Amino acid sequence: MTDQSESSAWLEQDGRDRVPVHTSCAIGRAPTNQLVLTDEKASRKHALIHRQGQDEYWLVDLGSSNGSYLDGRRVMQPVALRDCALIPIGLSTLVFRQTGEPAGATGEPDWKTGTIKDIRVEPCWLLLADIEGSTEFARSQPVELLPVLTGRWFLECKQAIEANGGTINKYLGDGFFAYWHDIPPSGPLLVKALDELKRLQAAGQPPFRVVFHHAIVSMGGAGSMGEESLSGPEVSFVFRMEKLAGGLKLSNLMSEAAGSRLKGLLPGKPAGRHALAGFDGQFSFLTF
2 MTDQSESSAW
12 LEQDGRDRVP
22 VHTSCAIGRA
32 PTNQLVLTDE
42 KASRKHALIH
52 RQGQDEYWLV
62 DLGSSNGSYL
72 DGRRVMQPVA
82 LRDCALIPIG
92 LSTLVFRQTG
102 EPAGATGEPD
112 WKTGTIKDIR
122 VEPCWLLLAD
132 IEGSTEFARS
142 QPVELLPVLT
152 GRWFLECKQA
162 IEANGGTINK
172 YLGDGFFAYW
182 HDIPPSGPLL
192 VKALDELKRL
202 QAAGQPPFRV
212 VFHHAIVSMG
222 GAGSMGEESL
232 SGPEVSFVFR
242 MEKLAGGLKL
252 SNLMSEAAGS
262 RLKGLLPGKP
272 AGRHALAGFD
282 GQFSFLTF
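Here's what the structure looks like:
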């Protein structure tokens, strides 16, 4: 039995083992997972439980063949978990347990609230990806194929970002928010990740937008498990960028600040000057 005393959340497997969930917990047949399942109905990389925010945990299916289920319903996109949620995977039934209650996670995150410990100010690359026309895409796909396509997309995006030094900070239903600390060689690594994301965009399964920005943000460990919490108006800025890109019908967009930092590494084309809700004035943007 695994000691879960240091974590505010854990998984109970078939009423026996307890596996703590710290910043994340990977589930599947591969021995590299934190929770290894032994039956053939589970995929090697089946699902992920991701901590984001104080006492907030999300279940992410990674394109598994037989699917992940939450309280009897197949998971179509990342979904927030509650205490005592039932998660059948393969022949196992997992029970998610937590000692605290999540603050709630719908819509754009509230980056101004919550207690943040050991706050520091740091330059970062901020990236947001979001499935375009998710409702229309869902209607165009067979019901049994949709969660496989979206799950594999999340897995491939996660691999592209983490292999190049980035971190997915939050899953947002039909998208995710990621960041890089701006330390060498983060610029070239970010460009490599963007190349991978553009390759996935070209496949169109699903179609999605990518926007990114460079800014100084406040960072701190939320809770006791070392998770980074990003805050400040620049975080909201990148979310407004995604809404702008949707309105302009652009599949990618970068801020002028990001473009100037990547000059010579990532060619950009002017996308005009635009206002963003909640921010004074207009700002220049580029496509890439």
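In terms of the numbering used here, the sequence shown is numbered consecutively and its last residue is 289.
Positions of the beta carbon are idealized from the N, C-alpha and C atoms, including for glycine.
All of these numbers come straight from a predicted model, not from anything done at the bench.
Out of Leu-263, Gly-167 and Pro-89, which one is the CA nearest neighbour of Glu-13?
Counting from one through the sequence shown, the residue named residue 13 turns up at place 12. That would be Pro-89, whose Cα lies nearest to the Cα of Glu-13.
Does the segment 156-165 come into contact with the segment 266-273, if we say contact requires no fewer than three beta-carbon pairs (one atom in each stretch) closer than 8 Å?
no
Does DSSP classify Pro-89 as helix, strand or coil?
Taking the first residue of the sequence shown as 1, we reach residue 89 at position 88. Pro-89: strand per DSSP, three-state reduction.
For Arg-121, which residues of its own chain have a beta-carbon under 8 Å away from its beta-carbon, when the five flanking residues on both sides are left out?
Against the sequence shown, residue 121 aligns to sequence position 120. So the list reads Ser-219, Met-220 and Gly-221, once near-sequence residues are dropped.
How would you call Arg-17, buried or exposed, if buried means at least 16 neighbouring beta carbons within 10 angstroms?
As a first step, residue 17 is located in the sequence shown; it is residue number 16 there, counting from the start. By the neighbour-count rule (16 or more Cβ atoms within 10 Å), Arg-17 is not buried but exposed.
Leaving out the 5 sequence neighbours to the left and right, which residues in its chain are closer than 7 Å to Gly-260 when beta-carbon positions are compared?
Here residue 260 corresponds to residue number 259 of the sequence shown, with the count starting at 1. Excluding sequence positions up to five before and after Gly-260, its CB lies within less than 7 Å of the CB of Gly-269 and Leu-287, all in the same chain and listed in chain order.
In angstroms with no decimal places, state the Cα-to-Cα distance between Leu-60 and Asn-253.
In the sequence shown, counting from the first residue as 1, residue 60 sits at position 59. In the sequence shown, counting from the first residue as 1, residue 253 sits at position 252. Straight-line Cα distance between these residues: approximately 27 Å.
Start-to-end residues for the alpha helix (DSSP H) that takes in Gln-202:
Position 201 of the sequence shown, counted from the start, is the residue given in the question as residue 202. Its alpha helix (DSSP H) spans residues 187-204.
Tell me the DSSP secondary structure of Arg-52 in three-state form.
Locating residue 52 in the sequence shown gives position 51, where the first residue counts as 1. Arg-52: strand per DSSP, three-state reduction.
When the Cβ atoms of the segment 232-242 are set against those of the segment 142-157, are three or more pairs found closer than 8 Å?
With the rule of 3 Cβ pairs closer than 8 Å, the segment 232-242 does not count as touching the segment 142-157.
Element boundaries [alpha helix (DSSP H), containing Gln-160]:
On the sequence shown, residue 160 is found 159 positions in, with the first residue counted as 1. Its alpha helix (DSSP H) spans residues 147-163.
Would Ala-27 pass as a contact of Tyr-58 if the rule is Cβ separation under 7 Å?
As a working note, residue 27 is residue 26 in the sequence shown. As a working note, residue 58 is residue 57 in the sequence shown. No, these two residues do not count as a Cβ contact at 7 Å.
If we count the other Cβ atoms within 10 Å of its Cβ and call it buried at 16 or more, is Gln-53 buried or exposed?
Start at 1 with the first residue of the sequence shown, and residue 53 comes out as number 52. For Gln-53, the number of other beta carbons within 10 angstroms of its own is at least 16, and it is reported as buried.
In this structure, how does DSSP classify Glu-229 when only helix, strand and coil are distinguished?
Numbered from 1 along the sequence shown, position 228 holds the residue referred to as residue 229. Strand at Glu-229.
Between which two residues does the beta strand (DSSP E) holding Thr-288 run?
Taking the sequence shown and counting its residues from 1, one reaches residue 288 at position 287. Element bounds for Thr-288: 283-288.
Going by other Cβ atoms of all chains shown within 10 Å of its Cβ, with 16 needed for buried, is Leu-92 buried or exposed?
For the purposes of this step, residue 92 is identified with residue 91 of the sequence shown, where counting begins at 1. Exposed.
Look up Leu-60 in the DSSP assignment and say whether it is helix, strand or coil.
Translated into positions along the sequence shown, residue 60 becomes position 59. Three-state result, Leu-60: strand.
Give the DSSP-derived three-state secondary structure of Arg-262 in the structure shown.
Mapped onto the sequence shown, residue 262 falls at position 261. Looking at Arg-262 - three-state DSSP - the assignment turns out to be helix.
If you compare alpha carbons, which of Pro-148, Ala-86 and Ala-130 is closest to Phe-138?
The residue labelled residue 138 in the question sits at position 137 within the sequence shown. Checked all of Pro-148, Ala-86 and Ala-130; the closest Cα to Phe-138 is Pro-148.
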